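Chemist: I am attaching a structure below and will ask some questions about it afterwards.
Structure (structure tokens):
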């Protein structure tokens, strides 16, 4: 184990971490193998979830041709909302229940994959909608059994939803972002085809890349698993366990790949840039699928949930939204300056991996070097200038803090305790950076 902090177990802290590894196939053209993989998993009648944008692209044609060549019956559901809501989860679940499907395919970004996960879940085990939703908003009842097979085919690279047992959505009544977390909703298989990325808008590529970075860096700097209270039963060990040696390896390499490929991958991507960024997204997904994220993601749910008038370039949506990768990264420089003292070496490692000049730097400089590097890359790739860039001002700080501080699962995974006042200060520090 590379980090001495793992040996410093807090009283009552856990001694064990578990490894949940998704099954992934990666490579140019792998989407053409979808039909054979679906057949291998026993699918005969398939629900293919996608959205209106992907439904007009070659990826859908390739997927349908592959399914039809193996003789599978397939019905397409293309009503997935960008940044899904409880309304769209319920609509997808109704489609899944009525269709009597024995397998699911998701083709699209995180919104599509998460909607498919939830639709599979609620069609298999119907219940009150909030039963499976994270506490304190929902009841966090464990998923009672196995779901039907699900093959996830991402056409973006940021969310890594194909790697995780997490489905995120906006709860409209509360204007809050929350989710469902269970290893049982993780797809059986992910097909990662970098050829699917060439049609992405540059701003979507930028947001995806910063989401990959955030997954990896938050997991690398999360509270060590030995500092989390040991469960009273192994089955109650959380999916997000905290930083651990397995996740560290994947996360540090993911950060390095993002730092190396981000600028060119946004503006003038070559095949190798897109392959590297998609591979980085997979690594980060494996990492945070076991370690978990913390403050930037916890704060992002408030930023996305309270959005009223921001309409980003590149997203086809009839309503205001702050895309997930943007809602995360606008908080990140302020957060990593704040958390650096809790694990200085890890912040310095992340700064180096992201491309910062660290020669001659002291271990105490990691947080500032990392934040400065992020701000530079945000400017170079057209990311909005902090919260003000997506429509927020000082008058919104209290509401943002109230919504974000309810994200207990993520806040508790931070490397240091965070008070409500400190979170408000972090939002204030995130208003603008340049």
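In the numbering used here, the protein residues as written are 428 to 861.
Glycine is no exception: its CB is placed at the ideal position from the N, C-alpha and C atoms.
Bear in mind that the values here come from a model prediction, so they are computed numbers and not experimental data.
Quick check: what's the CA-CA separation for residue 816 versus residue 790?
Modeler: Within the model, the alpha-carbon separation for residue 816 versus residue 790 is close to 32 Å.
Chemist: Per DSSP, which residues does residue 485 bridge with? Please list them.
Modeler: Looking at the DSSP assignment, residue 485 forms no beta bridge with any residue, so it has no partner.
Chemist: If we require 4 or more residues per run, which alpha helix (DSSP H) segments fall completely within the segment 439 to 489?
Modeler: Segments of the alpha helix (DSSP H) lying fully in the segment 439 to 489: 461 to 467.
Chemist: Could you give the DSSP three-state label for residue 735: helix, strand or coil?
Modeler: When secondary structure is reduced to three states using DSSP, residue 735 falls in the coil class, being assigned neither helix nor strand.
Chemist: Helix, strand or coil for residue 532? Go by DSSP, reduced to three states.
Modeler: strand
Chemist: Starting from residue 752 and walking both ways along the beta strand (DSSP E), at which residues does that stretch end?
Modeler: It is not in any beta strand (DSSP E) - residue 752 instead sits in the alpha helix (DSSP H) that spans 751 to 756.
Chemist: Verify whether the separation of the beta carbon atoms of residue 444 and residue 652 is less than 8 Å.
Modeler: yes
Chemist: Could you say if the segment 595 to 602 and the segment 569 to 579 meet the contact criterion of at least three C-beta pairs nearer than 8 Å?
Modeler: no
Chemist: Do residue 735 and residue 813 have their C-beta atoms within less than 8 Å of each other?
Modeler: no
Chemist: Look at the alpha carbon of residue 834 and the alpha carbon of residue 492, and state the distance between them as a whole number of angstroms.
Modeler: 42 Å
Chemist: Rounding to the nearest angstrom, what Cα-Cα distance links residue 480 and residue 731 in this structure?
Modeler: 21 Å
Chemist: Answer yes or no: do residue 767 and residue 714 have a C-beta to C-beta separation smaller than 8 Å?
Modeler: no
Chemist: Give the straight-line distance between the Cα atoms of residue 697 and residue 506, rounded to the nearest whole angstrom.
Modeler: 32 Å
Chemist: My output table needs one value for residue 668: the three-state DSSP class, helix, strand or coil.
Modeler: coil
Chemist: Of all the alpha helix (DSSP H) runs that stay within the bounds of the segment 652 to 711, which reach a length of 4 or more residues?
Modeler: 672 to 694
Chemist: Mind checking whether residue 787 and residue 686 have CB atoms under 8 Å apart?
Modeler: no
Chemist: For residue 500, which three-state DSSP category applies?
Modeler: strand
Chemist: Just how far apart, CA to CA, sit residue 457 and residue 852?
Modeler: Straight-line spacing of the CA atoms in residue 457 and residue 852 works out to 46 Å.
Chemist: To the nearest angstrom, how far is the alpha carbon of residue 436 from that of residue 656?
Modeler: 10 Å
Chemist: Please list, in chain order, all residues of the same chain as residue 524 whose beta carbon is under 6 Å from its beta carbon, the five residues on each side excluded.
Modeler: So the list reads 550, once near-sequence residues are dropped.
Chemist: What three-state label does DSSP hand residue 761 in the structure shown?
Modeler: helix
Chemist: Does the segment 440 to 454 come close enough to the segment 615 to 632 to have 3 or more Cβ pairs within less than 8 Å?
Modeler: Because the criterion of three Cβ pairs below 8 Å is met, the segment 440 to 454 and the segment 615 to 632 touch.
Chemist: What is the residue span of the alpha helix (DSSP H) that residue 539 lies within?
Modeler: 537 to 551
Chemist: Below 8 Å, can you find three or more Cβ-Cβ pairs linking the segment 603 to 611 to the segment 736 to 750?
Modeler: The segment 603 to 611 vs the segment 736 to 750: no contact.
Chemist: Judging by CA-CA distance, which residue of 666, 494, 486 is the nearest neighbour of residue 862?
Modeler: Lying before the first or after the last residue shown, residue 862 is absent from the chain, which here runs from 428 to 861.
Chemist: For residue 512, list the residues DSSP reports as bridge partners.
Modeler: Answer is 597.
Chemist: Measure the alpha-carbon distance for residue 663 versus residue 691 and round it to whole angstroms.
Modeler: 43 Å
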